[in-house]
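Structure record follows, encoded as structure tokens.
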Amino acid sequence: MARAWLVTVLRVDDTDVHVQVDGPEGAPILVMVHGMTCSLRWYDAITALLADTFRVIRMDLRGHGSTRGGSGLQPADQARMIAALLDALGVTAQDDVTLIGHSWGNDATTDLAASTGLVTRIVVLGQGPSYAPGVATMPRVGALLALPYLARLHRFAPDALLRGGLALGFAPGFDHQAAFADPQQAYIDLRGADHRIPRIVIHDRRAQLAANGLDKRLQVLGLPALVILGEQDSFYPPEASRALYEAVGAQVVVLGGVGHSVQVERPVEVAQLIRDFAPSAA
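Listed below in structure tokens is the structure:
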């Protein structure tokens, strides 16, 4: 049985960070970073499949899950927080570290890779290179969530009002409530997110990606990169993203019948792709 820590809290700078570490000491490390209005729980399924031969480190980003917000919500700030967390956990440049980001979490992972010498390779889940026309399709509900007064109200909304927006994070017909140990997990995470997060992701990020798209970031990093996309992603049509990522040398896999949250919808396939990409302790 792989050694596992119960979910715990580590003090990093001015933030109590909700973190979970699973798997054997000394094994190659997987650092999993969730997306907007999610939590470390969105990696539960693939962690269970990978923690036998990897040391898996997950955390709730600032303003998400059980990690409170305050300042430091932008990706560069989140990356500095993750770097400090990894240092507190004893991760060094001598370790084999694979960074895994889902959606907006990829902004923090690429910032972390660019600012430290810790990263060996990188995995991108469910994320296009930018918000450019033809590369991304941003539903109208996203623009509404970016309005400050509406963003403050989402935590009080009943499930019926949130259901349509949450459904965009998955393939049509996918039952996300059956995919989590707690059927309410996606609702809990959405309601619990800091009200400033939607504007950062929907508004600020547009300019950030226009200036420095994720494909260009991967090219500059020069690290081995695996990109896993969903054929039915509501936000990023996969073929445009595939072409841009492959042009900078990334390995791209498109999973049929899958939406934006590939690791939740197809954990077995995604875990195997990661296992094939990153050497384990087996």
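Residues in the sequence shown are numbered from 0 upward in steps of one, following numbering that gives the first Met the number 0. Backbone N, C-alpha and C fix where the C-beta goes; we use that ideal spot for every residue, glycine too.
If you draw a straight line from the C-alpha of residue i to the C-alpha of residue j, how long is it?
| i | j | result |
| --- | --- | --- |
| V11 | G71 | 12 Å |
| R67 | M58 | 12 Å |
| A239 | V134 | 6 Å |
| F169 | M31 | 19 Å |
| R216 | A87 | 27 Å |
| G25 | L85 | 14 Å |
| D188 | G256 | 25 Å |
| M0 | A206 | Below a pLDDT of 50, predicted positions are generally treated as unreliable, and M0, at 39, falls in that range; the measurement from the model is reported next regardless. Looking at the two C-alpha atoms, the distance is approximately 46 Å. |
| R241 | V55 | 27 Å |
| A180 | M137 | 29 Å |
| V200 | S38 | 15 Å |
| E268 | L48 | 10 Å |
| R274 | G164 | 32 Å |
| D76 | P182 | 31 Å |
| D158 | I196 | 20 Å |
| F173 | G64 | 23 Å |
| A210 | S233 | 23 Å |
| L167 | E230 | 13 Å |
| A92 | T46 | 23 Å |
Does DSSP put residue i in a helix, in a strand, or in coil?
| i | result |
| --- | --- |
| M0 | Any reading at M0 needs caution, since the residue's pLDDT is 39, under 50, leaving its predicted position unreliable; the model's value is listed next. If DSSP states are grouped into helix, strand and coil, M0 belongs with coil. |
| R274 | helix |
| P157 | coil |
| V20 | strand |
| P128 | coil |
| V122 | strand |
| L9 | strand |
| L111 | helix |
| V253 | strand |
| V134 | coil |
| V247 | coil |
| L117 | coil |
| T46 | helix |
According to the Cβ coordinates, are residue i and residue j closer than 8 Å?
| i | j | result |
| --- | --- | --- |
| A44 | P266 | yes |
| S279 | T52 | yes |
| L272 | T109 | no |
| G104 | G34 | yes |
| L208 | Y130 | yes |
| Q218 | V252 | no |
Tell me which same chain residues have a C-beta within less than 6 Å of the C-beta of residue i, skipping the five on either side of it?
| i | result |
| --- | --- |
| R40 | Q184 |
| L124 | H101, I227, V261, Q262 |
| L225 | V122, Q250, F276 |
| D106 | P74 |
| I81 | L111 |
| D193 | G62, G68 |
| L60 | Q77 |
| A178 | V263 |
Can you list, in chain order, the residues of its chain with a C-beta nearer than 7 Å to that of residue i? Leave out the 5 residues immediately preceding and following it.
| i | result |
| --- | --- |
| V96 | I28, V30, V90, L117, V118, T119 |
Between which residues of its own chain and residue i is the CB-CB distance below 8 Å, once the five residues before and five after are set aside?
| i | result |
| --- | --- |
| A83 | V11, D12 |
| D203 | Q73 |
| L9 | D15, V16, V18, L84, A87, L88 |
| L160 | none |
| L222 | A112, V118, T119, R120, I121 |
Curious, which full-length beta strand (DSSP E) runs of at least 3 residues does the stretch 48-105 contain? 54-58, 96-101
Note down, one range per segment and in chain order, each alpha helix (DSSP H) of at least 4 residues found wholly within the stretch 165-243. 184-191, 204-210, 213-220
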